[in-house]
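The following block contains the structure:
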């Protein structure tokens, strides 16, 4: 008893009766030490121990910021065309002016553009005349004449008096950091809009799937019996249909455009989710806490929304993160086939499609959007894997 | 078991009917008639055309006619190419696609299974790491990106392989790798995990205790059970290859059915879209059904209700 009085910190007994109730603070003394971890902090704790998963999450955040905030920092719009500056690479092959003040860049249409020393494109030089025999085109540069000599490949810029080829150099393009496409549009800006489209498609598809999948699967699993049987046969039949074919058919019906892609993906991708939710609900509804809840008179709606769905959230989350890459892939696939977004709108798939024609001369036009698609896919797959491991109670240590 | 398959067969037929119904409804819900094009046609000609293709009948009658045609293997005429029927497209395009698909399946199985075995046997070693890295890349990168990358490297840079044409074996290399890349990676991962699981079982320890060589243990004992999950996913794999071929056929300019389908979608050739969709769906359902029967035959432990 002496020990006990010491523990409570006071000199007196908490009360006269040794068997009576203790004060609140003395009860706290018996609490086990250690912070109480909620379900989500527990998941987060295990999730962040996996480097690939964290890398994926960071990558997603960076891409979202890039897509959402990026367009505020660029001076171009996704549809701005500059037909004088088509197919410009990120790394410009240039010729250094003799006075060293700037560089010259030969465009695809055989015009000369001056490039400042910091790599920004400056102005187009005026064309004076063409000499067919000598294979030279004369341009005016601050009163002096310079020529493009097209008698050799690749074309070079020379001084017509000394007939010396100017010094070659490579500078990074600062005006169009990732270059321009076949219509002279800034690839970086289009990439931001393309990523935005991909993310938008993914998140709306997810939202629709969550709503339809959870409601459908929840009802089917909870109702059981004939209702479940009929609802699952419908799901069976739908899942035998190849989804790609159906998305394409719906695109035909609704016409090309962002809304059709979202509707098409939203209406066919919920089947997996419905199955997962139903499976979870089927096992969960047998458990004691559901029976207890029913005993105290909770309505079906309360049981579903307060008890069953929150407990199934783990599997739902994993299914969602696995669904996002396939939705993004589907959008890119449709875009690549040319039945997705219509120009001048940009999506990662349509950018890849536009770039296939001049893959040989300008591979960067295809590989840049392709790289972003791959990054998105990697990021979501890693996060999905990480979440699955973090939510798996068998792996809990 | 027979009862189970009879039930599966019925579901398959129901699915097929539903597919036909949905495609029919979707195609008739599209605004505008199939003959509205760049050229304006007079109402008389329009009426004559509609009468020719029985488009003036009520919709249910048209649907029944269409189903009757399907049962006789007749997919109807193409609206865009006069004188051509959808059957012509399927007849010309499908063998090309099927050949490519078959070669791809063989390629996938011949690469994925050994990759999975090596990765499982050398778990945690560099062989496993390399194979799993390749497999992870393969499942995340879309096929059209792989295809473009292959074309750029092997056709444009190295000049080893042609970018299109299927005249020689060389022409098949790039399309097959691009088309099969995803399935190969997926199956290799599956093979690895399923072999690892089987290797932990008691009968493998028994086989080792008998003094069998490791090769024999793996190939004769473990593989038999480890291959079962591979067989299960063969059906969906075929489906994936089939739809994946839309894009691969387009990139490599292969005159298969997939590219016909995509063209008919962009040209809004409704009967062709319908016919090819139903044909694809029927083919896929049949493949999945066959795989299920096969699955049941090779694993006597499976008892279907």
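Protein chains in written order, with this note's numbering: chain C, -17 to 379; chain Z, 29 to 333.
Positions of the beta carbon are idealized from the N, C-alpha and C atoms, including for glycine.
Here the structure is a predicted model, which means the values were calculated and not measured.
Distance between residue j and residue i (C-alpha atoms, nearest Å)
i             : j             : result
residue 145/Z : residue 59/C  : 51 Å
residue 311/C : residue 80/C  : 50 Å
residue 165/Z : residue 209/Z : 9 Å
residue 204/Z : residue 111/Z : 34 Å
residue 219/Z : residue 142/Z : 9 Å
residue 297/C : residue 367/C : 12 Å
residue 73/Z  : residue 364/C : 59 Å
residue 162/Z : residue 214/Z : 10 Å
residue 167/C : residue 174/Z : 25 Å
residue 117/C : residue 338/C : 32 Å
residue 79/Z  : residue 335/C : 40 Å
residue 241/C : residue 186/C : 10 Å
residue 56/Z  : residue 238/C : 17 Å
residue 84/C  : residue 154/C : 13 Å
residue 131/Z : residue 362/C : 32 Å
residue 173/C : residue 358/C : 13 Å
residue 252/Z : residue 227/Z : 11 Å
residue 286/Z : residue 307/C : 23 Å
residue 408/C : residue 43/Z  : Residue 408/C lies beyond the residue range present for chain C, which begins at -17 and ends at 379; the question has no answer from this structure.
residue 98/C  : residue 104/C : 6 Å
residue 160/Z : residue 340/C : 33 Å
residue 424/C : residue 120/C : The structure shown does not extend to residue 424/C, since chain C is modelled only from -17 through 379, so no value can be given for it.
residue 67/C  : residue 195/Z : 40 Å
residue 281/C : residue 280/Z : 59 Å
residue 232/C : residue 23/C  : 41 Å
residue 75/Z  : residue 108/Z : 17 Å
residue 50/C  : residue 98/Z  : 50 Å
residue 379/C : residue 26/C  : Note on residue 379/C: pLDDT 41, under 50, position unreliable in the model; the coordinate value appears next. Each residue's Cα considered, the two are about 14 Å apart.
residue 225/Z : residue 156/Z : 16 Å
Supposed close pair residue i, residue j - CB separation, criterion 8 Å
i             : j             : result
residue 199/C : residue 276/C : Residue 199/C to residue 276/C, Cβ: 20 Å. No contact.
residue 139/C : residue 146/C : The Cβ separation is near 10 Å, so there is no contact.
residue 434/C : residue 263/C : Limits of chain C in this structure are -17 at one end and 379 at the other, which puts residue 434/C out of reach.
residue 180/C : residue 329/C : 7 Å
residue 306/Z : residue 126/Z : Between residue 126/Z and residue 306/Z the Cβ distance is about 17 Å, and since that is not below 8 Å, they are no contact.
residue 211/Z : residue 268/Z : 6 Å
residue 255/C : residue 196/C : 7 Å
residue 369/C : residue 21/C  : Residue 369/C to residue 21/C, Cβ: 13 Å. No contact.
Residue i and residue j closer than 8 Å at C-beta
i             : j             : result
residue 219/C : residue 46/Z  : yes
residue 314/C : residue 247/C : no
residue 93/C  : residue 111/C : no
residue 319/C : residue 309/Z : no
residue 302/C : residue 192/C : yes
residue 123/C : residue 107/C : yes
residue 273/Z : residue 207/Z : yes
residue 285/C : residue 160/C : no
residue 293/Z : residue 234/C : yes
residue 284/Z : residue 121/Z : yes
residue 188/C : residue 305/C : yes
residue 250/Z : residue 232/Z : yes
residue 276/Z : residue 176/Z : no
residue 189/Z : residue 198/Z : yes
residue 162/C : residue 244/C : no
residue 314/Z : residue 216/Z : no
residue 312/Z : residue 270/Z : yes
*Taking a Cβ distance cut-off of 7 Å, strictly less, list which residues of the region 322 to 340 of chain C are near chain Z, in chain order.*
Taking 7 Å as the Cβ-Cβ cut-off against chain Z, the residues of the region 322 to 340 of chain C that qualify are 334, 338.
_chain C contacts from the region 165 to 178 of chain Z (Cβ-Cβ distance under 8 Å)_ = 167, 168, 169, 170, 172, 173, 176, 177
*Mind listing which residues of the region 342 to 359 of chain C have their C-beta closer than 8 Å to chain Z's C-betas, in chain order?*
342, 345, 348, 349, 352, 355, 356, 359
*Whole alpha helix (DSSP H) runs in the region 168 to 201 of chain Z with 4 or more residues, listed along the chain?*
171 to 178
*Using a Cβ-Cβ cut-off of less than 7 Å, list which residues of the region 233 to 258 of chain C approach chain Z; keep chain order.*
234, 235
*Every unbroken alpha helix (DSSP H) within the region 38 to 123 of chain C, with a cutoff of 4 residues, ordered by chain*: DSSP assignment within the region 38 to 123 of chain C yields no whole alpha helix (DSSP H) run of 4 residues or more.
*Scan the region 301 to 316 of chain Z for residues whose Cβ lies nearer than 8 Å to a Cβ of chain C and list them as they occur along the chain.*
301, 305, 308, 309, 312, 313, 316
*Which full runs of the alpha helix (DSSP H) of 4+ residues lie inside the region 280 to 306 of chain Z, going along the chain?*
285 to 294
*Which runs of the alpha helix (DSSP H), 4 residues or longer, sit entirely within the region 254 to 332 of chain C?*
270 to 277, 291 to 319
*What residues from the region 258 to 278 of chain Z come within 8 Å of chain C, judged by C-beta to C-beta, listed N to C?*
Listed in sequence order: 267, 270, 271, 274, 275, 278.
*Give, in chain order, every unbroken run of the beta strand (DSSP E) that is at least 3 residues long and sits entirely within the region 71 to 108 of chain Z.*
none
*Any chance you could list the alpha helix (DSSP H) runs of at least 4 consecutive residues sitting entirely within the region 183 to 237 of chain C, in chain order?*
207 to 222, 225 to 236
_Contact set between the region 294 to 320 of chain C and chain Z, restricted to residues whose Cβ is under 7 Å from the partner_ = Within the region 294 to 320 of chain C, the residues whose Cβ lies closer than 7 Å to some Cβ of chain Z are 311, 314, 315, 318, 319, 320, listed in chain order.
*Compile a chain-ordered list of the residues in the region 279 to 296 of chain Z whose CB is closer than 9 Å to at least one CB of chain C.*
Per Cβ criterion, the list reads 279, 289, 290, 293, 294, 296.
_Contacting positions in the region 146 to 158 of chain Z - beta carbon closer than 8 Å to chain C_ = none
*What residues in the region 199 to 233 of chain Z bring their beta carbon closer than 9 Å to a beta carbon of chain C?*
none
*Give the residues from the region 217 to 231 of chain C that approach chain Z closer than 7 Å (Cβ to any Cβ), ordered along the chain.*
Here the close residues are 218, 219, 222, 223, 224, 226, 227, 230, 231.
*Going along the region 51 to 85 of chain C in order, which residues come within less than 7 Å of chain Z, judged by CB to CB distance?*
For the region 51 to 85 of chain C, which is checked against every Cβ of chain Z, not one residue is closer than 7 Å.
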